[in-house]
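For reference, the structure discussed in these notes is given below.
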């Protein structure tokens with residue numbers, strides 16, 4: 029949402045002088061890369077370059093288990109890809125990002141402690157090769173960003189898209205990130221999002237997503253013993269995305285989601301629901 033609003037806002041200001049570089053690190057939600065490309069190219073006629081960098085990012089993340097280290101690696105690689113693409117299109121002076129205020133606070137600026145590095149704030153390398161950094165949304169909260177998007181005439185499907193971290197699913201996979209784990213999480217998360225939408229809760233819940241834990245457990249599938257992954261579901265309500273309370277989903281809804289994930293997603297035999305508030 030943030031990057032999309034920033035892109036449309038800057039496009040309104042500078043038109044064809046803007047080139048959007050979509051770094052598809054392969055860590056997006058299921059089908060999201062194609063959706064982003066379709067909306068930007070056909071709805072807004074924005075000059076978009078899509079870079080398929082999945083293998084590159086997975087290679088850099090191989091063997092890495094610490095979430096903060098993952099963020100730093102993704103931030104560094106993210107900017108390197110930008111620099112390489114910028115050199116291909118000629119002289120580029122400015123990098124525009126969809127940084128919003130909670131990103132800045134959580135990354136630890138001024139007297140604030142580091143909660144987690146954001147790839148576009150604390151995760152950026154210090155030697156970025158651009159003259160300047162443009163962050164038009166830097167002092168706005170998520171609800172304000174959505175208001176800007178609405179004022180710009182952006183479609184509701186884009187403005188109300190679920191918040192998603194820049195490092196993507198890499199930080200929703202506990203432990204090492206692999207192609208197999210990524211596929212499992214994408215499928216489980218897609219089921220969760222489909223059922224939330226079907227229940228009419230898409231706008232009532234501020235954020236909802238699946239996490240692939242680093243825990244395996246014994247289960248039974250048919251007549252066979254299984255030893256597979258545990259998926260955790262997280263859903264919260266919040267007004268500022270800095271504090272949040274867990275969403276009280278109905279047992280029937282949770283049951284439907286759990287049954288679908290276990291039946292439809294290979295290598296998952298247990299689903300749990302996170303009832304922790306933030307902070």
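In the working numbering, the protein residues as written are 29 to 307.
Virtual Cβ for every residue (Gly too), placed ideally from N, Cα, C.
What does a CB cutoff of less than 7 Å around residue i pick up in its chain, not counting 5 residues either side in sequence?
{"i": "residue 72", "result": "36 and 39"}
{"i": "residue 270", "result": "130 and 133"}
{"i": "residue 65", "result": "50, 76 and 78"}
{"i": "residue 321", "result": "This structure cannot settle anything about residue 321, because the visible part of the chain is limited to 29 through 307."}
{"i": "residue 67", "result": "186"}
{"i": "residue 101", "result": "88, 89 and 92"}
{"i": "residue 86", "result": "54, 205 and 207"}
{"i": "residue 117", "result": "47"}
Measuring alpha carbon to alpha carbon, tell me which residue in the options is nearest residue i.
{"i": "residue 297", "options": "250, 268, 264 and 263", "result": "250"}
{"i": "residue 274", "options": "258, 304, 98 and 252", "result": "304"}
{"i": "residue 203", "options": "179, 239, 217 and 69", "result": "239"}
{"i": "residue 159", "options": "254, 171 and 111", "result": "111"}
{"i": "residue 126", "options": "229, 69 and 192", "result": "192"}
{"i": "residue 261", "options": "86, 299 and 90", "result": "299"}
{"i": "residue 167", "options": "268, 58 and 59", "result": "268"}
{"i": "residue 225", "options": "263, 294 and 245", "result": "263"}
{"i": "residue 237", "options": "94, 278 and 302", "result": "302"}
{"i": "residue 60", "options": "165, 190, 116 and 279", "result": "190"}
Would you kindly work out how many angstroms separate the C-alpha atoms of residue i and residue j, rounded to a whole number?
{"i": "residue 80", "j": "residue 124", "result": "20 Å"}
{"i": "residue 312", "j": "residue 185", "result": "The first residue shown for the chain is 29 and the last is 307, placing residue 312 beyond what the model contains."}
{"i": "residue 163", "j": "residue 47", "result": "15 Å"}
{"i": "residue 276", "j": "residue 205", "result": "30 Å"}
{"i": "residue 30", "j": "residue 170", "result": "8 Å"}
{"i": "residue 265", "j": "residue 183", "result": "23 Å"}
{"i": "residue 96", "j": "residue 105", "result": "14 Å"}
{"i": "residue 256", "j": "residue 213", "result": "13 Å"}
{"i": "residue 120", "j": "residue 109", "result": "14 Å"}
{"i": "residue 289", "j": "residue 252", "result": "18 Å"}
{"i": "residue 114", "j": "residue 84", "result": "18 Å"}
{"i": "residue 333", "j": "residue 295", "result": "Lying outside 29 to 307, the shown extent of the chain, residue 333 is not represented and no answer is given."}
{"i": "residue 278", "j": "residue 74", "result": "42 Å"}
Using the Cβ count rule (16 or more neighbours within 10 Å means buried), how would you classify residue i?
{"i": "residue 195", "result": "buried"}
{"i": "residue 42", "result": "exposed"}
{"i": "residue 128", "result": "buried"}
{"i": "residue 53", "result": "buried"}
{"i": "residue 286", "result": "buried"}
{"i": "residue 44", "result": "exposed"}
{"i": "residue 259", "result": "buried"}
{"i": "residue 217", "result": "buried"}
{"i": "residue 103", "result": "buried"}
{"i": "residue 210", "result": "buried"}
{"i": "residue 245", "result": "exposed"}
Could you check whether the Cβ of residue i sits closer than 6 Å to any heavy atom belonging to the ligand ADP?
{"i": "residue 291", "result": "Summarising the ligand content, the structure contains no ligands, and the ligand ADP is consequently not present."}
Please return the same chain residues whose Cβ sits closer than 6 Å to the Cβ of residue i, not counting the five positions on each side in sequence.
{"i": "residue 227", "result": "281"}
{"i": "residue 33", "result": "173, 176 and 177"}
{"i": "residue 82", "result": "54"}
{"i": "residue 180", "result": "36"}
{"i": "residue 315", "result": "The displayed coordinates of the chain run from 29 to 307. Any statement about residue 315 would go beyond what the structure contains."}
Can you list, in chain order, the residues of its chain whose CB lies under 8 Å from that of residue i, leaving out five sequence neighbours each side?
{"i": "residue 292", "result": "215 and 219"}
{"i": "residue 27", "result": "Examination of residue 27 is not possible in this model, given that the chain is present from 29 through 307 alone."}
{"i": "residue 98", "result": "89, 92, 195, 198, 199 and 205"}
Measure from the C-beta of residue i to each C-beta in chain B and report whether the shortest distance is under 7 Å.
{"i": "residue 84", "result": "Of the protein chains in this structure there is only one, and it is not chain B."}
In chain order, which alpha helix (DSSP H) runs of at least 4 residues are fully inside the segment 204-250?
207-226
Kindly provide the ranges of any beta strand (DSSP E) runs that are 3 or more residues long and lie completely inside the segment 158-184, ordered along the chain.
160-162
Let me know the beta strand (DSSP E) ranges lying completely inside the segment 112-138, each 3 residues or longer, listed in chain order.
122-124
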